[in-house]
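Chemist: Quick one: structure below, then a few questions.
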Amino acid sequence: MSEAKCDFYTVQEVRRRLSWKSAETVRRGIKAGRIQAAKVGGQYRIPRTEYERIAREMGLTAGED
73 MSEAKCDFYT VQEVRRRLSW KSAETVRRGI KAGRIQAAKV GGQYRIPRTE YERIAREMGL
133 TAGED
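The opening residue of the sequence shown carries number 73 in this note's numbering; numbering runs sequentially from there.
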């Protein structure tokens, strides 16, 4: 079953899609201003366009998650 394309991802979803070892890496990027995110209900949400930007910079494509 394929995942539906959404407009925002959680910290854990971005971590998994980018194959990063820790969600804290994502949070540190957000706090340092390197990753754009919005806080919703006490949790960060990363826009799909921001995830795609990071993936491109890493040499990935959106379909490689």
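Here a beta-carbon is modelled for each residue, glycine too, at the ideal position from N, C-alpha and C.
1. With burial defined as no fewer than 16 other Cβ atoms inside 10 Å of the residue's Cβ, what is the status of V86: buried or exposed?
2. In angstroms with no decimal places, state the Cα-to-Cα distance between D79 and P119.
3. Near I107, which residues of its chain fall below 6 angstroms by C-beta distance, leaving aside the five closest residues on each side in sequence?
4. Take the Cβ of V98 as the centre, count every other Cβ of all protein chains shown within 10 Å, and call the residue buried at 16 or more, exposed below.
Modeler: Straight from the coordinates:
1. buried
2. 6 angstroms
3. Here the set comprises G101.
4. buried
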